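Reading through the structure tokens given below for one structure.
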Amino acid sequence: MSSEEQKHVWQKRFYDFNVWTEHKRIEKLRYIHRNPVERGPVSEPDQWAWSSFRAYAYGEVGPVRVDAQEWKLEIKLTARQRFG
């Protein structure tokens with residue numbers, strides 16, 4: 002397959018960047034947690050088994066490891082409001 006025939010699964014160009022602020026971290030987590038809802042396989046973020054949402058929202062241990070240091074952050078809103 003030539004490069005002109007290749008199809009990109011996600012997006013044409015991948016890039017990464019450092020998340021420097023709490024606001025940006027929450028924005029990215031919200032996107033990750035809401036993606037299965039937006040794409041249709043589930044109606045709520047906690048229904049997607051391969052997500053860290055349940056760890057953030059309910060403190061459950063699941064297939065996605067969440068750094069314990071994250072639990073020490075001051076949480077002013079509920080996890081569903083912040084991350085879902």
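The sequence shown begins at 2 in my numbering and counts up one residue at a time.
Note that the Cβ used here is the ideal one computed from N, Cα and C, for glycine as well.
Predicted, not measured: the structure shown is a model, and the values here were computed from it.
For residue 46 against residue 34, the beta-carbon gap comes to about 4 Å, under 8 Å, which counts as contact. With respect to residue 20, residue 29 sits close: the two C-beta atoms are nearer than 8 Å. Note on residue 51: under 16 other CB atoms within 10 angstroms of its CB, so exposed under the neighbour-count rule. Secondary structure at residue 64: coil, using DSSP grouped into helix, strand and coil.
A distance of 8 Å or more separates the beta carbons of residue 58 and residue 67.
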